[in-house]
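Reading through the structure tokens given below for one structure.
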Ligand SMILES: Nc1nc2c(c(=O)[nH]1)N[C@H]1C(S)=C(S)[C@@H](COP(=O)(O)O)O[C@H]1N2
Ligand SMILES: [Mo]
């Protein structure tokens, strides 16, 4: 893909482990497989031991855009389209309330973010379990993550553990995260944050990239060293 990058983004050759620094030292407990809990505004709560079982698998190359302005092009993800999972598993098994417009996604490391269901149903949104044909690594969301290329990286939740249907919009916590977590975070519209305009956040975030990449890499190295 040689199309222009979205506004304010710069390509990076590597794909670093990244996130909000409080999460750098938090890791999932289950890295091979993880039951997916479905709860909230549903008729039936469900615990899916193998969420993708029996669903059509797809491979998709898509660009990844972190809100801090780095992008990594043409990542090769494998998994299941969220729209298929919704139609074939969530609707029949959990029966979400018809007035539930949001899903709060929760991860094994405590990270969470909400998305509009209509955004999750876009054809390029995946529940991904492979990258470059290999099972997801600890760095990139093992065992299961969301891939939503039209939305900033912070909506692409790693180590997915729970989907919570919501009628009301989610109020992010801690309070400072409320400024960062735009309800939709569409890259094409530069919806980087909730309060400040995207063009301003570019300049605030860009200087933080190098240090954050190092912090996340060092935390992973310590974690993997500690297990030996
Ligand atoms: N569980 C979890 N998911 C997360 C994050 C996190 O810290 N924890 N960080 C988000 C942010 S800000 C980005 S840019 C991407 C980074 O994905 P990567 O580490 O695979 O590059 O993950 C997103 N999803
Ligand atoms: Mo990010």
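In the numbering used here, the protein residues as written are 112 to 339.
C-beta atoms are modelled at their ideal positions from N, C-alpha and C, and glycine is treated no differently.
- Note that the region 242-254 does not touch the region 286-297; fewer than 3 beta-carbon pairs, one per stretch, sit closer than 8 Å.
- The residue from 136, 142, 145 and 194 with its alpha-carbon nearest to that of residue 258 is 194.
- Sixteen is the threshold: when 16 or more other Cβ atoms of the shown chains lie within 10 Å of the Cβ of residue 270, as they do, the residue is buried.
- In this structure, ligand 1 has a non-hydrogen atom nearer than 7 Å to the beta-carbon of residue 222.
- Relative to the Cα of residue 127, the nearest Cα in the group 169, 182, 120 and 143 belongs to 182.
- Residue 316: member of the alpha helix (DSSP H) spanning 309-316, first to last residue.
- Of 115, 116, 120 and 224, the smallest CA-CA separation from residue 314 is found for 120.
- Counting along the chain, residue 241 sits inside the beta strand (DSSP E) bounded by residues 237-242.
- Close CB contacts of residue 144 within its chain, under the 6 Å cut and outside five residues either way in sequence, are with 254 (chain order).
- The three-state secondary structure of residue 140, taken from DSSP, is coil.
- For the 8 Å CB-CB criterion, residue 266 and residue 291 do not form a contact.
- Annotation: the continuous alpha helix (DSSP H) that includes residue 329 extends over 320-338.
- Boundaries of the beta strand (DSSP E) harbouring residue 174: 168-176, taken from the DSSP string.
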